[in-house]
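In this note's numbering, the protein residues as written are 741 to 912.
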């Protein structure tokens, strides 16, 4: 196929990926940036082959990280316990969904503005039949007092930074 057809297919794939992961701002923003036409036609072909190789590596590493985080979260949740979940990042949601297949627990969450992450987390978990107790921002402490463990999602983690949802400092 021609380069124009490939670029069109890439744009369609990006659109579907962004829509399917709309609750994860990090993934959405990365794919929006990469797919905005920042490559010229000449560099696009070279960048495409490098990106495919890097995506394969990144996907493999992401799978390893997801597996480790999922097992770590599972180990921290007491059977029949109450988890305070803060954020709605895909890794947090996937870890709680993975854990719910092995243990019964309930989740307490609260609103996090402006992205309404508490509502997003609640909808994902309720859809998987996990009991969720939703608190508004002002009742954050009521939810914390009831919880056995607190798990906070992160938008981004780097060697020298961590970017967490607004309001996470109150949990410290």
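Positions of the beta carbon are idealized from the N, C-alpha and C atoms, including for glycine.
In DSSP terms, what residue i is bridged to
| i | result |
| --- | --- |
| residue 890 | 824 |
| residue 873 | 848 |
| residue 896 | 903 |
Neighbourhood of residue i by C-beta distance below 7 Å, restricted to the same chain and skipping five residues each side
| i | result |
| --- | --- |
| residue 759 | none |
| residue 865 | 836, 847 and 872 |
Outcome for residue i when other beta-carbon atoms lying within 10 angstroms are tallied against a minimum of 16
| i | result |
| --- | --- |
| residue 795 | exposed |
| residue 870 | buried |
| residue 899 | exposed |
| residue 867 | exposed |
| residue 820 | exposed |
| residue 910 | exposed |
8 Å Cβ shell around residue i - same chain, five flanking residues per side excluded
| i | result |
| --- | --- |
| residue 814 | 835, 838, 839, 842 and 843 |
Assigned secondary structure, residue i (DSSP; H/G/I helix, E/B strand, else coil)
| i | result |
| --- | --- |
| residue 903 | strand |
| residue 811 | helix |
| residue 860 | helix |
| residue 819 | coil |
Beta-carbon spacing of residue i, residue j below 8 Å
| i | j | result |
| --- | --- | --- |
| residue 894 | residue 799 | no |
| residue 892 | residue 879 | no |
| residue 817 | residue 823 | yes |
| residue 896 | residue 766 | yes |
| residue 861 | residue 833 | yes |
| residue 875 | residue 882 | yes |
Residues near residue i by beta carbon distance below 6 Å, same chain, minus five either side
| i | result |
| --- | --- |
| residue 905 | 827, 852 and 857 |
Contact test: residue i Cβ vs the ligand ATP heavy atom, cutoff 7 Å
| i | result |
| --- | --- |
| residue 891 | Summarising the ligand content, the structure contains no ligands, and the ligand ATP is consequently not present. |
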